[in-house]
Amino acid sequence: MTYLKKMREKMDFTQEDVAQAIGTTIRQYQRIEAGLSFCSREKLNKLEDFFQLPQRILFARNYEEIPSYYRGFLLNCKYKALFK
């Protein structure tokens, strides 16, 4: 599971909510969230804006996959408990 899914669930959004926000279908968003499909740069930007997190964090599967230069950022994130 990626942090994309964890953040969506923590923020209490449905897959449909996120799909609408980034301008895609629910099925396509499900595939993106599951790591089975890629999305365009435009949709990546919309995901970053929606969750207010960089894609390198959203698509990481565990804390070790998050680049070290973002780990300091996470210390001040209101959802920092998710990233331990």
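In UniProt numbering, the protein residues as written are 1 to 84.
Glycine included, C-beta positions come from ideal geometry on N, C-alpha and C.
None of the values given here were measured: they were computed from a predicted structure.
C-alpha gap between residue i and residue j, whole angstroms
i: Met11; j: Thr2; result: 14 Å
i: Glu42; j: Glu64; result: 27 Å
i: Pro54; j: Arg27; result: 23 Å
i: Asn62; j: Tyr79; result: 15 Å
i: Ala81; j: Glu48; result: 19 Å
Residue i versus the options, residue with shortest Cα-Cα distance
i: Asp17; options: Leu82, Lys46, Leu75, Asn62; result: Lys46
i: Ile32; options: Leu58, Lys80, Glu9, Leu82; result: Leu58
Chain-order list of residues whose beta-carbon lies under 7 Å from that of residue i (same chain, five-residue window excluded)
i: Gly35; result: Thr2
Host alpha helix (DSSP H) of residue i (start-end)
i: Met7; result: 3 to 10
Q. Within the chosen definition, does the stretch 8 to 22 reach the stretch 61 to 73 through at least 3 CB pairs nearer than 8 Å?
A. no
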